[in-house]
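Same order as they appear, the protein sequences are chains H and F. Numbered according to the numbering used here, the first sequence terminates at residue 264, and the numbering increases by one at each position without gaps. Numbered according to the numbering used here, the second sequence terminates at residue 264, and the numbering increases by one at each position without gaps.
There are 2 protein chains.
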Amino acid sequence: MTDRPISMTYASRPKIRLYVEQPLGQGQPVTLSRDAAHYLIGVMRQGIGDAVALFNGRDGEWRARIASAGKRACDLTCEEPTAPQLNPPDLWLCFAPIKKARTDFIVEKAAELGVARICPVQTEYTNSERIRRDRLQAHAVEAAEQCGATFVPPVDDLQPLARMLDTWPEGRILYWADEAAVPGPPPTPLRDGMPAPAAILIGPEGGFSPGERARLADLLFVRRIGLGPRILRADTAAVAAITLWQAALGDWAHPAP
Amino acid sequence: MTDRPISMTYASRPKIRLYVEQPLGQGQPVTLSRDAAHYLIGVMRQGIGDAVALFNGRDGEWRARIASAGKRACDLTCEEPTAPQLNPPDLWLCFAPIKKARTDFIVEKAAELGVARICPVQTEYTNSERIRRDRLQAHAVEAAEQCGATFVPPVDDLQPLARMLDTWPEGRILYWADEAAVPGPPPTPLRDGMPAPAAILIGPEGGFSPGERARLADLLFVRRIGLGPRILRADTAAVAAITLWQAALGDWAHPAP
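So, in structure tokens, the structure goes:
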């Protein structure tokens, strides 16, 4: 007898986890990409019969066994589900790219903490005019592989803040981490806010320009949030804001069924 | 006319900020260390008459002007206060050191978010048996310099978890970020908890051993907290836990007067 509802049971999870794009399911064959095969066989020294965990962002996590292995090729067969698909709440992280290492860090942490989409935005004080979208996406995949996640947030191309605001979807609240917000109970709009769909906006070093500030302050879908009396780096602010949203309104507060 | 209470007024803050150990106050002369003088004169190209911001963790921030400058020597005179002393709440961060870059990161973020003390602890699953305390302390200083902070949390020497728990001070709650905590509204003990003195405990990769878990679960001053349904890296967990504590019980919720 158990209090838990009857549900799918899950086998123990292999330690090596790989993200793949192919469908996963009972008996499903999977062919790894050259890079993934090299990592699994060449670097991690796995061979025929060894088990790894596969996930694709849609079908949960599956234990798959290596059926054939070459230096740069590897076929596996899915055997059993090892974890259910856990999608994040519909929260976007919109942030102005900063220095390379700190931008990588923001993407990694957003994937770990559970956001649905990562939207780099170009603001007036943003230094970089381009991002390596594919590299940032690879960071999100790696964070998911490392942290047992089954979902990988897509990373958008860089877009100007003005265009993002012009085309903002109806019904999605944008929480603006305003470095000039009056100190005081900061998570009020979060604690009393509405659940997803939502988004968080983090500025670059130096914050937003006066023109951007005026526009943000005027928009009905924007809510200001403060993050305490200290000046936070942009990467710290991103982690702090996602944490507060997740704990107040996201799936840290209300676990998915 | 203004709504603000009459108080000390502060001059605008110079961009270059330096931590010093000497007392600061009106007219106070300050001699920089060789390294700080080299940074200010040699690297940042400042000279006689230029202004920098000085703080020592006790006396707030002061604008000081360079009175004499050599290649590896520099004397300044304090002119005006530019920011009040802002001490953090009495919150300690106790964490098991992990890989070098991520340990540095934890110290940097703890200093930014506002903790009073940083306590590295050695647990059964901690890989490192020593830390470079002086290097971690320098990271805390650098974070304070960069982020406009006037306080620098001291970094303790590494100590075994068992000894830390044996000598735990009366009246200080220890919030244990338990990776096996049942998902559910996680910040409950924070939201309904008691304010400082407090501490947060973050384990290493792999969490705590069964023996450590049993001991922690038995201690009356320990409260478990959960950080959502995802597996977080130790550095992410540290930032998330400090954020939730600060927003619920610290000076993000209740600004210092």
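A virtual CB, placed ideally from N, CA and C, is assigned to each residue, including glycine.
Can you tell me whether F/Glu-136 is helix, strand or coil according to DSSP?
Counted from its first residue, the second sequence places residue 136 of chain F at position 129. Note: F/Glu-136 maps to coil in three-state DSSP.
Taking only three categories from DSSP, how would you classify H/Leu-256?
Within the first sequence, residue 256 of chain H is the residue found at index 249, counting from 1. DSSP places H/Leu-256 in coil when its eight states are reduced to three.
F/Ser-75 beta carbon near the ligand COA (any heavy atom closer than 7 Å)
Looking at this structure, you won't find the ligand COA or any other ligand, since it has none at all.
Hey, would you say F/Ile-207 sits closer than 8 Å to F/Leu-165, going by beta carbons?
Within the second sequence, residue 207 of chain F is the residue found at index 200, counting from 1. Within the second sequence, residue 165 of chain F is the residue found at index 158, counting from 1. No. Outside cutoff.
Distance between H/Lys-107 and H/Lys-116 (C-alpha atoms, nearest Å)
By 1-based counting over the first sequence, the position of residue 116 of chain H is 109. By 1-based counting over the first sequence, the position of residue 107 of chain H is 100. Spanning the two alpha carbons is a distance of roughly 14 Å.
Segment contact, 8 Å Cβ cut-off, at least three pairs: the region 119-136 of chain F with the region 96-107 of chain F
yes
For the alpha helix (DSSP H) holding H/Thr-84, just list the boundary residues, first then last.
Locating residue 84 of chain H in the first sequence gives position 77, where the first residue counts as 1. No alpha helix (DSSP H) holds H/Thr-84; the beta strand (DSSP E) holding it covers 81-90.
May I have the straight-line CA-CA distance separating H/Ala-248 from F/Asp-163, to the nearest angstrom?
For this step, residue 248 of chain H is matched to residue 241 along the first sequence. For this step, residue 163 of chain F is matched to residue 156 along the second sequence. Cα to Cα, the separation comes out at about 29 Å.
Let me make sure I understand the geometry here. Which of H/Gln-53, H/Glu-87, H/Ile-180 and H/Leu-172 has the alpha-carbon closest to that of H/Val-204?
As a position in the first sequence, residue 204 of chain H is number 197, starting the count at 1. Strictly speaking, residue 204 of chain H in this sequence is Pro, with Val absent from that position. Checked all of H/Gln-53, H/Glu-87, H/Ile-180 and H/Leu-172; the closest Cα to H/Pro-204 is H/Ile-180.
Excluding the 5 residues preceding and the 5 following H/Thr-195 in the sequence, name in chain order all residues of the same chain whose CB lies nearer than 6 Å to its CB.
By one-based count along the first sequence, residue 195 of chain H stands at place 188. Only weak support is given to the placement of H/Thr-195: the predicted model assigns it a pLDDT of 49, under 50, and the question is left unresolved by the model.
Assess contact between the region 16-24 of chain F and the region 81-90 of chain F, defined as three or more Cβ pairs (one per stretch) separated by less than 8 Å. Is contact present?
yes
Check whether the Cβ of F/Pro-213 lies closer than 8 Å to any Cβ atom in chain H.
As a position in the second sequence, residue 213 of chain F is number 206, starting the count at 1. In the sequence as displayed, the identity of residue 213 of chain F is Gly instead of Pro. For F/Gly-213, the answer is no, since every Cβ of chain H falls outside 8 Å of its Cβ.
H/Val-128 to H/Phe-215, Cα distance in whole Å?
Working through the first sequence from its first residue, we reach residue 128 of chain H at position 121. Working through the first sequence from its first residue, we reach residue 215 of chain H at position 208. Each residue's Cα considered, the two are about 12 Å apart.
Proximal chain F residues relative to H/Glu-1, where beta-carbon distance stays under 9 Å:
Since the displayed chain H opens at 8 and closes at 264, residue 1 of chain H lies outside it and no answer follows.
If we ignore side chains and look at the alpha-carbon of each, how far apart do F/Leu-234 and F/Trp-252 end up?
As a first step, residue 234 of chain F must be located in the second sequence, where it is residue number 227. As a first step, residue 252 of chain F must be located in the second sequence, where it is residue number 245. Cα to Cα, F/Leu-234 sits roughly 12 Å from F/Trp-252.
Beta-bridge pairing of F/Phe-62 - partner residues as DSSP gives them
Mapped onto the second sequence, residue 62 of chain F falls at position 55. According to DSSP, which records beta bridges pairwise, F/Phe-62 is partnered with F/Tyr-26 and F/Glu-68.
Taking any Cβ of chain H, which residues in the region 113-130 of chain F have a Cβ under 9 Å from it, in chain order?
Glu-115, Lys-116, Glu-119, Leu-120 and Gly-121
Using a Cβ-Cβ cut-off of 6 Å (strictly less than) and excluding sequence neighbours within five positions of H/Arg-109, which residues of its own chain qualify?
Along the first sequence, read from residue 1 onward, the residue named residue 109 of chain H stands at position 102. Closer than 6 Å at Cβ, skipping near neighbours: Asp-242.
Contact defined as beta carbons within less than 8 Å: I believe F/Pro-161 pairs with F/Thr-133. What is the distance between those atoms, to the nearest angstrom?
Against the second sequence, residue 161 of chain F aligns to sequence position 154. Against the second sequence, residue 133 of chain F aligns to sequence position 126. F/Pro-161 to F/Thr-133, Cβ: 21 Å. No contact.
Indicate whether H/Arg-240 and F/Glu-119 have their beta-carbon atoms separated by less than 8 Å.
Indexing the first sequence from 1 puts residue 240 of chain H at position 233. Indexing the second sequence from 1 puts residue 119 of chain F at position 112. The answer is yes: Cβ separation under 8 Å.
Can you tell me whether F/Ile-232 is buried or exposed? The criterion is at least 16 other CB atoms within 10 Å of its CB, across all chains shown.
The count along the second sequence starts at 1 and reaches residue 232 of chain F at position 225. Its Cβ being crowded by 16 or more others within 10 Å, F/Ile-232 is buried.
So, helix, strand or coil for F/Arg-230, using DSSP?
Position 223 of the second sequence, counted from the first residue, corresponds to residue 230 of chain F. Looking at F/Arg-230 - three-state DSSP - the assignment turns out to be strand.
So, helix, strand or coil for F/Pro-194, using DSSP?
The sequence position of residue 194 of chain F within the second sequence is 187, counting from 1. Reliability fails at F/Pro-194, whose pLDDT of 44 lies under 50, so the model's placement of it is uncertain and the value that follows must be treated cautiously. Coil at F/Pro-194, not helix or strand.
Okay, do the region 66-85 of chain H and the region 208-227 of chain H touch, 3+ Cβ pairs below 8 Å being the bar?
no
In whole angstroms, give me the CA-to-CA distance for F/Leu-227 and F/Ser-75.
For the purposes of this step, residue 227 of chain F is taken as the residue at position 220 of the second sequence. For the purposes of this step, residue 75 of chain F is taken as the residue at position 68 of the second sequence. Going by the C-alpha atoms only, they are around 57 Å apart.
Delimiting residues of the alpha helix (DSSP H) encompassing F/Pro-236:
The residue you call residue 236 of chain F lines up with position 229 of the second sequence. Where F/Pro-236 is concerned, there is no enclosing alpha helix (DSSP H), given that its DSSP letter is neither H nor E.
Nearest to H/Val-148 (by Cα), restricted to the options H/Met-201, H/Gly-64, H/Gly-49 and H/Ala-184
Here residue 148 of chain H corresponds to residue number 141 of the first sequence, with the count starting at 1. If we check each option's Cα against that of H/Val-148, H/Gly-64 comes out closest.
Excluding the 5 residues flanking F/Ala-260 on each side, which residues of the same chain have their C-beta closer than 8 Å to its C-beta?
In the second sequence, the residue the question calls residue 260 of chain F occupies position 253. Excluding residues within five positions, the ones whose Cβ falls inside 8 Å are Gln-253 and Ala-254.
With a 10 Å radius around its C-beta and 16 neighbouring C-beta atoms as the bar for buried, classify H/Pro-36 as buried or exposed.
Indexing the first sequence from 1 puts residue 36 of chain H at position 29. By the 10 Å Cβ count, H/Pro-36 comes out exposed.
Any idea if H/Met-171 is buried or exposed, counting beta-carbon neighbours within 10 angstroms, 16 or more meaning buried?
Taking the first sequence and counting its residues from 1, one reaches residue 171 of chain H at position 164. H/Met-171 is buried by the Cβ-count criterion.
Through-space distance from H/Asp-141 to H/Val-114, alpha-carbon basis:
Mapped onto the first sequence, residue 114 of chain H falls at position 107. Mapped onto the first sequence, residue 141 of chain H falls at position 134. Taking the straight line joining both Cα atoms gives about 12 Å.
Sub-8 Å separation of F/Thr-130 and F/Pro-211 beta-carbons
Here residue 130 of chain F refers to the residue found at position 123 of the second sequence. Here residue 211 of chain F refers to the residue found at position 204 of the second sequence. Going by C-beta atoms, F/Thr-130 is nearer than 8 Å to F/Pro-211.
Give the secondary structure of H/Tyr-182 by DSSP, where H, G and I count as helix, E and B as strand, and everything else as coil.
The residue labelled residue 182 of chain H in the question sits at position 175 within the first sequence. Here H/Tyr-182 sits in strand by DSSP.
Starting from the beta carbon of F/Ile-238, find every residue of chain H whose beta carbon is closer than 7 Å, and list them in chain order.
As a position in the second sequence, residue 238 of chain F is number 231, starting the count at 1. The contacting residues are Cys-154 and Gly-155.
Indicate the three-state DSSP secondary structure (helix, strand or coil) for H/Phe-158 in the structure shown.
Stepping through the first sequence from its first residue, residue 158 of chain H is reached at position 151. Residue state, collapsed to three classes: coil.
Reducing DSSP to helix, strand and coil, say where F/Ile-48 ends up.
The count along the second sequence starts at 1 and reaches residue 48 of chain F at position 41. Helix at F/Ile-48.
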